[in-house]
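*Asks:*
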Amino acid sequence: MVNLVAVDRLEAAVQKGSGFDAVVLVAQDLASVTIAPLQAVIGALREVDSKADSLLALVAAPKLAGGRLVVAPTGPLQRDHDDVRRFADAARTGMRRARDAGSRTPLLVVATPPSDARYRRAVEVTVLGALGGLWEPLEACEALGSPACEPVERIGCAVLGGTCEPSTLQRLHDVEAGVSAARDLCGTDPERMAPPRFAEYCQDLFASSGVKLEIVRERGALEREYPLLAAVARASQGVERHRPCVIRLQWTGEGAIERTLLFAGKGLTYDTGGADLKAGGVMAGMSRDKGGAAAVAGFLLAVARLRPRGVRVVAELGVVRNSIGADAFVSDEIIKSHAGARVRIGNTDAEGRLVLADLLSHLRERALAEPGPRILSVATLTGHSGRAVGPYNIALDNGPARALGVAESLASAGDLWGDPFEVSRLRREDFDFVAPRSRADDTLSCNNAPSTMTNRGHQFPMAFLAIASGLNAHGGDGNQPLPFTHVDLGGSATEGGDWQHGRPTGRPVVAFLAGLVPGALGA
Numbered sequence: 003m004v005n006l007v008a009v010d011r012l013e014a015a016v017q018k019g020s021g022f023d024a025v026v027l028v029a030q031d032l033a034s035v036t037i038a039p040l041q042a043v044i045g046a047l048r049e050v051d052s053k054a055d056s057l058l059a060l061v062a063a064p065k066l067a068g069g070r071l072v073v074a075p076t077g078p079l080q081r082d083h084d085d086v087r088r089f090a091d092a093a094r095t096g097m098r099r100a101r102d103a104g105s106r107t108p109l110l111v112v113a114t115p116p117s118d119a120r121y122r123r124a125v126e127v128t129v130l131g132a133l134g135g136l137w138e139p140l141e142a143c144e145a146l147g148s149p150a151c152e153p154v155e156r157i158g159c160a161v162l163g164g165t166c167e168p169s170t171l172q173r174l175h176d177v178e179a180g181v182s183a184a185r186d187l188c189g190t191d192p193e194r195m196a197p198p199r200f201a202e203y204c205q206d207l208f209a210s211s212g213v214k215l216e217i218v219r220e221r222g223a224l225e226r227e228y229p230l231l232a233a234v235a236r237a238s239q240g241v242e243r244h245r246p247c248v249i250r251l252q253w254t255g256e257g258a259i260e261r262t263l264l265f266a267g268k269g270l271t272y273d274t275g276g277a278d279l280k281a282g283g284v285m286a287g288m289s290r291d292k293g294g295a296a297a298v299a300g301f302l303l304a305v306a307r308l309r310p311r312g313v314r315v316v317a318e319l320g321v322v323r324n325s326i327g328a329d330a331f332v333s334d335e336i337i338k339s340h341a342g343a344r345v346r347i348g349n350t351d352a353e354g355r356l357v358l359a360d361l362l363s364h365l366r367e368r369a370l371a372e373p374g375p376r377i378l379s380v381a382t383l384t385g386h387s388g389r390a391v392g393p394y395n396i397a398l399d400n401g402p403a404r405a406l407g408v409a410e411s412l413a414s415a416g417d418l419w420g421d422p423f424e425v426s427r428l429r430r431e432d433f434d435f436v437a438p439r440s441r442a443d444d445t446l447s448c449n450n451a452p453s454t455m456t457n458r459g460h461q462f463p464m465a466f467l468a469i470a471s472g473l474n475a476h477g478g479d480g481n482q483p484l485p486f487t488h489v490d491l492g493g494s495a496t497e498g499g500d501w502q503h504g505r506p507t508g509r510p511v512v513a514f515l516a517g518l519v520p521g522a523l524g525a
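When we follow the working numbering, the leftmost residue of the sequence shown carries the number 3, and every step to the right adds one.
(1) In this structure, what does DSSP give as the bridge partners for K268?
(2) Let's test the definition: count the other Cβ atoms within 10 Å of the Cβ of T36 and tell me whether it reaches 16, buried, or not, exposed.
(3) Would N349 be called buried (16 or more neighbouring beta carbons within 10 Å of its own) or exposed?
(4) Counting Cβ pairs, one atom from each stretch, are 3 or more of them under 8 Å apart for the segment 240 to 251 and the segment 209 to 224?
(5) Helix, strand or coil for A437, going by three-state DSSP, please let me know.
(6) Between L79, A304 and L356, which has its C-alpha nearest L518's C-alpha?
(7) Within 10 angstroms of the Cβ of E178, are there 16 or more other Cβ atoms? Answer buried if so, exposed if not.
(8) In whole angstroms, what separates the C-alpha of V4 from that of E155?
(9) Decide if the segment 157 to 169 is in contact with the segment 187 to 194; the criterion is three or more beta carbon pairs, one per stretch, under 8 Å apart.
(10) So is R236 buried or exposed if we call it buried at 16+ other beta carbons inside 10 Å?
(11) Would you check if there are 3 or more beta carbon pairs closer than 8 Å linking the segment 314 to 322 to the segment 265 to 278?
(12) Could you pull out every residue in the same chain whose Cβ sits closer than 8 Å to the Cβ of V7, ignoring the five residues on either side in sequence?
(13) Would you report the Cα separation of P463 and A437, rounded to the nearest angstrom?
(14) Using a Cβ-Cβ cutoff of less than 7 Å, which residues in the same chain neighbour V298 once the five nearest sequence positions on both sides are dropped?
(15) When DSSP labels each residue in this structure, what does G131 get in the three-state scheme?
(16) Residues bridged to A8 by DSSP?
(17) Taking the alpha-carbon of L302 as reference, which of R87, L12, V511 and R427 has the nearest alpha-carbon?
(18) DSSP three-state label for Q252, please.
(19) Kindly indicate the opening and closing residues of the beta strand (DSSP E) around R427.
(20) Is the Cβ-Cβ distance between G472 and R368 less than 9 Å?
(21) From this set, R122, P198 and Q482, which residue's C-alpha is nearest G524's C-alpha?
(22) Is it the case that the Cβ atoms of T456 and H364 are separated by a distance below 9 Å?
(23) Which of the three DSSP states, helix, strand or coil, is assigned to T107?
(24) Could you have a look at L60 and say whether DSSP puts it in helix, strand or coil?
(25) Assuming L109 and V9 are in contact, meaning their beta carbons sit under 8 Å apart, how far apart are those beta carbons, in whole angstroms?
(26) Is it right to say S339 is buried, meaning 16 or more other beta carbons lie within 10 angstroms of its own, or is it exposed?
(27) If you pair each beta-carbon of the segment 369 to 379 with each one of the segment 482 to 496, do three or more pairs fall below 8 Å?
(28) Using the C-alpha atoms, what's the distance from A359 back to Q115?
(29) Per DSSP, what are the beta-bridge partners of E216 in this structure?
(30) From N474, A371 and L418, pick the residue whose C-alpha is nearest to that of V127; which is it?
(31) What span of residues does the alpha helix (DSSP H) with D186 cover, start to end?
(32) Quick one: complete alpha helix (DSSP H) runs, 4+ long, within the segment 282 to 319?
(33) If I measure Cβ to Cβ from R505 and keep anything under 6 Å in the same chain, skipping five residues before and after, which residues do I get?
(34) What's the C-alpha gap between V112 and P149?
(35) R185: which of L140, H175, G163 and A209 sits nearest, CA to CA?
Structure (structure tokens):
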């Protein structure tokens with residue numbers, strides 16, 4: 003992984019012979035750059051290019067480090083709809099341009115951000131954007147070798163009129179390790195990251211990290227403890243390399259535990275739709291249907307590296323392939339969940355919520371004995387989420403979580419750190435939608451239409467999760483309320499909403515750290 007180096011003597015660092023081989027400047031107003039060696043080059047550029055303040059440019063600059071300057075403008079920052087992602091976008095494109103030009107040790111220079119509160123974390127977001135821009139798919143790195151695939155070795159970091167503290171850069175390095183792992187797990191093809199290999203990656207990832215890891219593979223154990231998950235996986239059992247598993251993770255910080263975060267992660271390594279087969283070309287990209295489990299694993303790694311005090315993190319990842327075959331589960335089956343709810347299957351292509359329900363039931367039992375519990379399900383669950391809000395994470399709270407402001411905390415933290423959330427509400431109509439139609443069952447998993455064609459298509463699945471997991475007995479009216487927040491990544495797990503070709507984003511690892519773990523990313 004790329005090393006980050008704090009630079010304090012900026013005027014010397016930007017010049018030839020400093021040890022850096024390119025300068026990448028991220029700025030809104032080029033005229034505000036006051037470092038003399040940069041001023042000269044920028045002035046010449048602005049004389050010949052009227053778009054210099056708005057377009058990415060690579061400029062030959064013999065007196066600067068590496069003989070080249072990449073100018074990466076942020077664009078406007080003060081309009082109502084502008085936000086800190088403009089810094090990340092500029093750093094991402096600028097760093098890629100420097101790499102493609104041959105740079106291996108670039109110097110990242112961030113112009114002084116506006117004093118507007120929206121940009122309080124602009125420098126950190128810029129550095130994370132630069133690092134994220136250099137990520138390449140795991141399969142590419144394994145085929146080509148890391149030096150050829152990810153050639154940048156070191157990035158110098160400096161702020162005009164400010165400083166980049168080494169401790170801050172170390173935190174960002176730890177955060178990026180988690181985000182990068184989430185991208186690796188989400189973005190890989192259905193064979194490279196089939197369930198057993200997903201588990202192997204996690205074993206390697208968490209070795210010597212302080213994270214406890216347990217893998218449940220035995221078919222009988224899965225059928226007893228995770229009956230809905232086992233039903234989804236039935237057709238995959240005949241192919242050894244596709245067999246399911248549940249990955250249990252736990253990390254405990256030092257000191258008295260005041261907050262326990264319990265995560266259920268959906269890890270569909272491939273979703274054919276099952277017997278309700280995805281037809282018409284919409285199956286392509288379904289190897290990314292494991293973005294929830296990927297994000298939870300990346301979050302655990304970042305937490306283990308950052309080591310916040312007073313926090314415990316518990317996670318269960320359901321890693322499954324929804325195959326089609328002679329033993330595939332079908333609509334109309336009634337299956338009893340781990341919590342004892344009788345679930346009528348409405349659509350086998352709504353398999354992710356079945357996987358999550360059993361994981362949540364186990365976490366529900368665990369949460370009752372933990373201090374300060376907050377339960378979260380994390381999944382690329384619905385196409386409706388992307389249709390409704392585009393490239394944003396969505397969070398929905400139950401009553402106890404809403405009282406704590408969990409979803410709003412994620413939204414506020416996400417705005418500051420460039421990992422934004424939209425907040426949706428769980429309503430009575432969502433419970434009406436999944437109510438049983440007879441005494442034979444307790445809940446309906448789904449209707450038989452795509453979520454994109456269903457009213458409240460990303461909201462009603464949370465009502466199902468609450469019933470099927472037993473969490474509906476732990477609302478604000480229960481004797482033992484448990485905060486439960488559902489996070490849907492259907493529109494945010496890949497760039498541009500392109501599940502087949504878009505780069506995995508690793509979201510919402512950063513927002514989780516900033517919004518759920520006090521002090522993890524600094525004061």
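Even for Gly, the Cβ is constructed at its ideal location relative to N, Cα and C. These numbers come from a predicted model, not from an experiment.
*Replies:* Once the coordinates are examined:
(1) When DSSP reads this structure, K268 sits in a beta bridge with G320.
(2) T36 should be labelled exposed.
(3) Taking all protein chains in view, the Cβ of N349 is crowded by 16 or more other Cβ atoms within 10 Å, so the residue is classified as buried.
(4) Yes: at least three Cβ pairs fall under 8 Å.
(5) A437 falls in the coil class under three-state DSSP.
(6) It is A304 whose Cα lies nearest to the Cα of L518.
(7) Label assigned to E178: buried.
(8) When rounded, the distance between both Cα atoms is 5 Å.
(9) No, the segment 157 to 169 is not in contact with the segment 187 to 194.
(10) The residue is buried, with at least 16 neighbouring Cβ atoms inside 10 Å.
(11) The segment 314 to 322 is in contact with the segment 265 to 278.
(12) Excluding residues within five positions, the ones whose Cβ falls inside 8 Å are R156, I157, G158, C159 and L171.
(13) Looking at the two C-alpha atoms, the distance is approximately 12 Å.
(14) Closer than 7 Å at Cβ, skipping near neighbours: F265, G267, A317, L319 and V380.
(15) Helix, per DSSP.
(16) A8 is bridged to C159.
(17) For the set R87, L12, V511 and R427, the Cα lying nearest the Cα of L302 is the one of V511.
(18) Look at Q252 here: in three-state DSSP terms it is strand.
(19) Looking at the DSSP string, the run of the beta strand (DSSP E) that includes R427 is F423 to R427.
(20) The answer is no: Cβ separation not under 9 Å.
(21) Checked all of R122, P198 and Q482; the closest Cα to G524 is R122.
(22) No; because the gap between Cβ atoms is not below 9 Å, this pair is not in contact.
(23) Note: T107 maps to coil in three-state DSSP.
(24) Three-state result, L60: strand.
(25) With a beta-carbon spacing of about 7 Å, L109 and V9 fall inside the 8 Å limit used to define contacts.
(26) Buried: at least 16 other Cβ atoms inside 10 Å.
(27) Yes, the segment 369 to 379 touches the segment 482 to 496.
(28) The question names Gln, but residue 115 in the sequence shown is Pro. Inter-residue distance for P115 and A359 is about 44 Å (C-alpha atoms, whole angstroms).
(29) DSSP lists R250 as the beta-bridge partner residues of E216.
(30) With respect to the C-alpha of V127, the residue from N474, A371 and L418 having the closest C-alpha is L418.
(31) Run containing D186: P168 to G189, per the alpha helix (DSSP H) assignment.
(32) For the segment 282 to 319, whole alpha helix (DSSP H) runs of length 4 or above, ordered along the chain, are 293 to 308.
(33) The answer, listed in chain order, is E497.
(34) Between V112 and P149, the C-alpha separation is close to 27 Å.
(35) R185 has its Cα closest to that of L140, out of L140, H175, G163 and A209.
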